[in-house]
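Everything on this sheet refers to the single structure shown next.
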Amino acid sequence: MSAPLDAAVRARALDPQTSFIVQAPAGSGKTELLTRRILTLLQSVEEPEEILAITFTRKAASEMRQRVVETLERANSGEPASNVYEEEGLALARDVLKRDAERQWQLIRNPQRLNLRTIDALATQLAHRLPVTSALGAPTGIVEDASALYRDVASRFIESNIDSMGLVLLQVGNRLEQARQLLANLLASRDQWKRHVYGFGDNHDELRAILESMLGELVESRLDNLYALVPDVLIEGLPERLHMACGFLLEDAEGDLSELPEEMQGWLDLEELPGTSLEDLSGWDGIGAALLTKSGGLRKRLTKAEGFPAKGDAKKRGVEPALLVSHKEHMLELLERVAESPEFIEALAEVCSLPYPRYRDEQWALLSQLLGVLPKLLLELHMVFAERRVVDFTELAERAQRALGTEQEPTDLALSMDLSLKHILVDEFQDTSQTQFRLFAQLVGGWEPGDGRTFFVVGDPMQSIYRFRDGDVALFAQAGDDGIGPVKLESLTLSVNFRAAPDVIKWVNQIFASIFPKRADADSGAVTYSPSDAHLTTDGGVQVHTLVNKERFDEAELVACLAAEALAIDPQHTVAILVRTRSQAGDIFDALRARSLAYESIDMDQVGERAVVRDLVSLCLALRYPHDRLHWLSLLRAPFVGMTLNDLHALMSESGREATVIELLRDPARLALLSADGQARAARLLPILEPALKRASRGRLLPWVESVWLQLGGPVVCRDAVDRDAAERALARLSSLEADGRLWEKSVLTEVMKSLYAANAEEGECRIQVMTLHKAKGLEFGTVILPALDRQPRGDSTQLLNWFESTLDGRPQLLLAPLEQSGLPPGRRDRINRLVRKARERCDEQEKLRLLYVACTRARHHLHLIGRIRRNTEDQYQTPINSSLLKPLWPLLEPDLPTEDTHKSPEPISPAPEEVSDTHKSLAEISDTHEPPGLPIESDPVSATVSSFERLPVDVEMPSFVSFEWEKVAKKQEVDSESVKFSWAGRTARDIGTVVHQQLQMLAQSADSLANVDFDALGIIAERQLRNMGVQKEMLPQATETVLLAVRSTLADERGRWALSPHAEARSEWALSVVQEAEEGDGDPEKFMGVWNREVRQMVIDRTFVDEQGVRWIVDFKTGDHQGGQVELFLDSEQMRYADQLNRYADIIRRMDEGPVRVGLYFPLLKGWREWEPPNREQGSKH
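For the sequence shown, the UniProt record's numbering begins at 1 and goes up steadily by one.
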């Protein structure tokens, strides 16, 4: 390898006395440059730890460390270099080895002395080194995915602050679930908004004045820009045209000016164009109404609606036809001249969408309420962090900054690091956030020019694609212009590409030099293009595949065909299929599997939306919530049950709102309305469901879900191995949710199923990888295939707080707006929100260009771009949608598109048939065509549109699932046997008992606040819990009052408070599983073969603790009530009734705890108490 063309720039970057910021385009050898910089610096430091290299991923840190060590090992072994460029690197390494020997570093044996770490690891180190200042406190874990924690915090916050969120909740339609998710989203992005809403305390009026002042300055700057672009022809000709137009409009309105659109009313008195003050904003709205369409484009035709009537109206208006013709022609001539000034048109459209710089009072009231609750939300987050002894990475970064102090008051840690660090290197600097930038500035706060310390950053603004993580590409240019803290940086740019073939680089240069902006802009994140020079002479090329009027299946087939062809190039060739979102890969996976092409995809192949998973979720929720008709009907429609729509209609028709689906299925008269097929399917379903319904509510649900699914034939209706894998993963994930107590939160369930991915089609190293564009950053492949370029990504999610930062004359500006009411058409959206949205859209548009650049520069040899395009009815190509990756390429591709579709789709490959059993083959029945007597299929409007659906035959003989039969081996049963039942009838009473137990558990976990319980908030929570369990609406008030009575009575009773108070080794709702030993003398040898063949008993101890005397207490809460007198006799009878149950609890606890044990029954509704010392049966058996 000869020396690269930019060798002088690379040599300059190694100067150990100078700080640099280096732009390193894709493939330019950034890691090698960092490696050589580290080797150069190692020659002059006293200890390796004086050099700190920071990366953004563990992989990058590991790769850099490995590269340094490998270079040192090669130099140490005497291995010769293969070219001049390699020799330069080895020479640096040999000099380091000399220094290593002098200082006894032994870097090859101790590579951990190389101070290479991620930004998160650095923050962790800083926070832990000064835990008091950073507020980190006790040892703390780090939550990598904190989304579940954020939802928990949001739930707790809403429950305790619901009264102070009236306007916020009203804006989301009082949908608490949506409010919870929106608050959780805010917590995830708090490092982006926190700095904007803190510092004003409750003085929101001051904040309002500042925000409105900033907004006013922004509007005036846009007006200045617009006025400077006004074509001269408008200054003289437009006022006269609009004055006349308004006169004609007034005639049509019978002289009533108020009947005209507001923006047109100003035309009547218009003598000159508006100016640049805020008062002129409405005037420019009028100019925009005259010149622009509603979409912001220049008008091409004029009608009487704009004040330009046809000449046929002359007689009616009492004017000469020539006047109307001249009036319209002059205006059309003005429009033609304006068309020559596209910058003016764009600026006018922007000004017409600008808000008047004042918040409406109702809008500010909402924003003020939101700003008032956000500090409390953060306080709740910190409380959860403290309780769970965990933090997220955002919190770590903030605490790291706190640990360093400020520039005026640095901490001892900052002073210590100032002395110990001589050189700092930062990789991927283009993705730095504002928080990280401030951390870097703090690290170098005490540095001075000429003191021998250097700051070296490398990155590529063209590859900045992490704005959604608060990556700010403008910081790269800011660091180059102003430096970081007191450190000034010299700017360098690499130009040589060591990765791609010359033809690929030539195409990339041509395309992206055309579509990247010509000027950089900090507000939109626009960066200019920096071209590359090829260093290699390898073969390669770029192909653009435009599929005209083709479907996604055709595109997937083409992708699989191209991948297969690429693999044939050579045995080491690698292929990457890169998509913008995971949802774009589904058809591609099917096509790859059809061709038996092994591929690797990490968290890509989503299976949570497969029918088999949806059916399992419906079964789970149906068993848990008998009143949930939606999931019950989904269950009956599932292929392993297979009821027709007509039968469902007959079952539910005129059933009222109160009856549950299971009650209707139990009703013989109702079943008689079904077809013979429907009756047979119900008869097959009920014996399987009834045991699960009866017992699942008193223990774990998921074993019953799986058992019902197996017995009904769930595995048999799986279409392929992916379906079966999906079912397996779904059951495992549902079981995990149940163990965490989160199975019943539907938003959690939805999110979890969205993140359910299939296993890779093939284990081991695969030559085909499927991944998102973001995941591909930093990687390279022989062939890169970019499908779905025509498709749009998912839009920005709704936020409770919308914000955007910009700069004006070097000063920061902030746009801040609250959540808009959902469903508003674009024309009715608040203009401040529209301004924020538009600003963010401009940033998204620029990042889209960079994302496309990243994707195209992953290819070493071959690049394939695929997009589907449509022809309209006039046989013209339709322009791609604006947010697609195809749109920026369209002006360059459209001229070369064929006049007719010449692309030949590859022949589709039928999936290889799986080997299936005869039993499975006999189950393939497509049927939904029979007509029940008296209810023809045509009468069902849904069935009329669906001709068939796949389901099991009603008389199918199912495979035997011995392990899951109800009364055979390996069965689970609760210690609380069927003889121990609740003392009241009905499911509602059982649900009340469940909620009381949950409330008492919550109080026991926060026992320090037993004296300050907010019963209003508790009532809201209890009502929601009861509603989620399916308690009927009319019974909710009484049920909620019963729960509150139980809790109040417990807290008012000394014994109740004692049971809930803090104690040693206290636990609430302690779940244990116990394996029963085989009976002595039992001759069945299988009973001694393992846990699976023994009976497994489950038990849940309501409350247990050790008191001051060392006695272990086992307390069981019984929420039954007793009407009338003789309460003591009732309590005595209850003690006798539950004695065996609690004595068994004691036996099990004695196996784990040798101390004294006592048991007690507590009755919250009665303030009743019974206690005794249970007999020690274990001791008795030993004697």
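Yeah, the Cβ is synthetic: ideal placement off N, Cα and C, and Gly gets one too.
**OP:** Rounded to whole angstroms, what's the CA-CA distance from Ala566 to Arg767? Just pull it up for me.
**Re:** 10 Å
**OP:** Just grab the DSSP bridge partners of Phe1163 for me.
**Re:** Gly1168
Subject >> Rounded C-alpha distance that separates Ser368 from Asp472 >> reply: 28 Å
Subject >> For Phe804, the residue or residues it bridges with in DSSP >> reply: Leu815
Original post:
When the Cα of Glu115 is compared with those of Lys518, Lys422 and Gly166, which residue comes out closest?
Top reply: One point to set straight first is that residue 115 is Asn, not Glu, in the sequence displayed. Considering only alpha carbons, the answer is Lys422.
**OP:** List in chain order: all unbroken alpha helix (DSSP H) runs of 4+ residues lying wholly within the stretch 481-533.
**Re:** 502-515
Subject >> At least three beta-carbon pairs within less than 8 Å, the stretch 285-292 to the stretch 266-275 >> reply: yes
**OP:** Pick helix, strand or coil for Gln171, following the three-state DSSP scheme.
**Re:** helix
**OP:** Report the three-state DSSP secondary structure of Ala11 (helix, strand or coil).
**Re:** helix
Original post:
CA-CA distance, Leu952 and Gln711?
Top reply: 12 Å
Subject >> Whole-angstrom distance between Leu558 and His864, CA atom to CA atom >> reply: 11 Å
Subject >> Option nearest Leu90 by Cα separation, candidates Val143, Glu49 and Glu32 >> reply: Ranked by Cα distance from Leu90, the first of Val143, Glu49 and Glu32 is Glu32.
Subject >> Inter-residue spacing [alpha-carbon to alpha-carbon] between Pro703 and Ser147 >> reply: 27 Å
Subject >> Backbone CA spacing between Ala228 and Ala245 [nearest angstrom] >> reply: C-alpha separation (whole angstroms): 26 Å.
Original post:
Of the choices Val548, Leu633, Gly247 and Ser353, whose alpha-carbon is the least far from that of Pro880?
Top reply: Val548
Original post:
Considering only C-alpha positions, which residue in the set Arg241, His631, Glu1154 and Pro449 is nearest to Gln17?
Top reply: The residue with the shortest Cα to Cα distance from Gln17 is Pro449.
Subject >> Between the CA atoms of Ser2 and Asn83 - distance to the nearest angstrom >> reply: The C-alpha of Ser2 is placed about 6 Å away from the C-alpha of Asn83.
Original post:
From Gly1120 to Leu737, what distance separates their C-alpha atoms?
Top reply: 30 Å
**OP:** Return the CA-CA distance between Ala305 and Gly297, expressed in angstroms with no decimal places.
**Re:** 17 Å
Subject >> Backbone CA spacing between Thr574 and Asp392 [nearest angstrom] >> reply: 36 Å
Original post:
Secondary structure at Glu144, three-state DSSP: helix, strand or coil?
Top reply: coil
Original post:
Are the beta-carbon atoms of Asp830 and Arg360 separated by less than 9 Å?
Top reply: yes
Original post:
How long is the line joining the alpha carbons of Phe440 and Glu1069, rounded to whole angstroms?
Top reply: 48 Å
**OP:** For Glu894, count neighbouring Cβ atoms within 10 angstroms of its own Cβ and tell me buried if that reaches 16, exposed if not.
**Re:** exposed
Subject >> Neighbour-count burial assignment, Gly993, 16 or more Cβ in a 10 Å radius >> reply: buried
**OP:** Please check the pair Thr1104 and Val1115, which I expect to be a contact at CB under 8 Å, by giving their CB distance rounded to whole angstroms.
**Re:** 7 Å
Original post:
Is it true that the CB of Glu555 sits closer than 9 Å to the CB of Asp587?
Top reply: yes
Original post:
What separation, rounded to the nearest whole angstrom, lies between the Cα atoms of Arg10 and Lys887?
Top reply: Spanning the two alpha carbons is a distance of roughly 36 Å.
Original post:
Which term fits Ser77, buried or exposed, when burial requires 16 or more other beta carbons within 10 angstroms of its beta carbon?
Top reply: exposed
Original post:
Quick one: is Leu892 buried, meaning 16 or more other Cβ sit within 10 Å of its Cβ, or exposed?
Top reply: exposed
Subject >> For Cys718, the nearest candidate out of Val705, Glu957 and Val613 (CA to CA) >> reply: Val613
Subject >> Cα-Cα separation between Pro787 and Asn872, rounded to whole angstroms >> reply: Roughly 22 Å between the two C-alpha positions.
Original post:
When you compare only the Cα positions, how much space is there between Thr411 and Gln442?
Top reply: 11 Å
Original post:
For the 8 Å Cβ check, are there 3 or more pairs between the stretch 163-179 and the stretch 378-395?
Top reply: no
Original post:
How long is the line joining the alpha carbons of Leu701 and Met753, rounded to whole angstroms?
Top reply: 18 Å
Original post:
Counting Cβ pairs closer than 8 Å, one from the stretch 494-504 and one from the stretch 28-44, do we hit at least three?
Top reply: yes
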